[in-house]
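Quick notes on the structure that follows.
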Amino acid sequence: MNNFNFSTVGKINSCFKEKFTIPRQPGLVPAATAELILLDNYSIPEIVRGLEGFSHIWIIFAFHAVPIGQWKPTVRPPRLGGNQRTGVFATRSTHRPNPIGLSVVRLSDIKISEGQVSLVLDGCDLLDGTPVLDIKPYIPYVDSISDASGGFADTPPNAKYKVCFTLQAARECELSSIRLARDVEELIRQILALDPRPSYHSAQQGDRIYATHLCDFNLRWRYLADDIVEVIELSIKE
Ligand code: SAM
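This note's numbering runs 223 ahead of the 1-based position in the sequence shown.
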């Protein structure tokens, strides 16, 4: 019994359409909402009976967007600046022997309509399309350990940047917020304040323009002096 087969119980519908800018842990970007849509045989109302009493849940998922079989016993965690190696089992790296992820997220709603069950989640660190293997309730008396120590990740990462918008980007944020019925400006502020760049980019400023696919638009921004990020534009993806 050394090999197991698991089936996907649900799929994540998230604002993060590519890996760049996904926060490194859940809860860091509270505005990053996602919907977990239960699939086929698992999309039955009874399967979530009682879950409404829990504010948070654990999502156990597959890192489907990492190449299979490329893990190494040691990795370079971004929290250590990206140049110090630690054992993979001492990290939350995506490159692991079994590419399984674990995220605790706020459960803000359970939707049941016409046989389709979905969970609305806040503060996700999940790529769009992530296959979910299991869902478990977060149980405070067992899952919250007040005297736990966090190794090299003992404190949360600081928000490093102030985020400003060009006039064009501010207008596009307003239009996107109406179109998507969510606060797009706040989502972008929370994501960029954390500085999603790999650590070897962080010393650079100025002329380099960064881009990512978020929700249904392409976001472009750049770094200015004095820890300021300027959002240049949001253009709807074709
Ligand atoms: N909270 C989870 C854990 O501890 O297992 C994930 C932590 S991992 C460091 C977070 C990163 O996983 C994100 O920044 C994103 O780049 C990546 N990621 C999220 N969903 C993914 C997926 N489905 N496939 C590959 N990488 C993913």
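Positions of the beta carbon are idealized from the N, C-alpha and C atoms, including for glycine. Predicted model, so just to flag it, every value in this text is computed and none were measured.
Measure the C-alpha to C-alpha separation of residue i and residue j and round it to an integer number of angstroms.
i    : j    : result
I455 : I362 : 42 Å
R319 : A285 : 11 Å
H287 : E395 : 32 Å
S422 : I335 : 42 Å
E275 : V343 : 11 Å
F388 : Y364 : 43 Å
K250 : E269 : In the sequence on display, residue 250 carries Gly and not Lys. Each residue's Cα considered, the two are about 28 Å apart.
L390 : L457 : 11 Å
R315 : G324 : 8 Å
N306 : V298 : 9 Å
A265 : E337 : For clarity, residue 265 is Tyr in the given sequence; the question names Ala instead. The straight-line gap from Cα to Cα measures roughly 14 Å.
D345 : A434 : 23 Å
R402 : H436 : 16 Å
N321 : P360 : 22 Å
E258 : Q248 : 17 Å
K460 : A404 : 17 Å
A341 : P354 : First, the residue type needs correcting, since residue 341 is Ser and not Ala in the sequence shown. Going from the Cα of S341 to the Cα of P354 covers about 14 Å.
I291 : K234 : 19 Å
P379 : L262 : 34 Å
G373 : D348 : 19 Å
T317 : W294 : 9 Å
Q339 : I260 : 8 Å
L447 : K242 : 23 Å
D406 : I451 : 21 Å
L442 : A371 : 38 Å
Closest to residue i by CA distance: which of the options is it?
i    : options                : result
A416 : L398, D430, D449, L403 : D449
I333 : E397, D439, R412, R272 : R272
T231 : I282, G250, S278, K240 : I282
C438 : N228, P360, T256, A393 : T256
F375 : L447, T309, L350       : T309
E409 : A393, D348, D377       : A393
R329 : P253, A382, K383       : P253
K385 : K240, S278, I260, E453 : E453
V311 : A382, P296, R420, I245 : P296
S326 : W444, R302, H279, M224 : H279
G352 : G304, K240, F229, I267 : K240
H424 : G304, S331, F227, I358 : G304
F277 : I267, R445, S331       : S331
A382 : F440, D357, L442, P419 : P419
I245 : L350, D377, P300       : L350
F229 : D377, P301, P300, L356 : L356
Quick one: is residue i buried, meaning 16 or more other Cβ sit within 10 Å of its Cβ, or exposed?
i    : result
Q413 : buried
L398 : exposed
S367 : exposed
S237 : buried
D430 : exposed
F440 : buried
I358 : buried
Should residue i be listed as close to the ligand COA, given that the test is whether its C-beta is under 8 Å from any heavy atom?
i    : result
K242 : No copy of the ligand COA occurs in the structure displayed; its ligands are the ligand SAM alone.
Runs of beta strand (DSSP E) wholly within the region 304 to 340 (minimum 3 residues, chain order): 323 to 336
Complete alpha helix (DSSP H) runs within the region 389 to 444 (minimum length 4 residues, chain order): 390 to 403, 407 to 416
Ordered list of beta strand (DSSP E) runs contained in the region 243 to 291, each at least 3 residues: 257 to 261, 279 to 285
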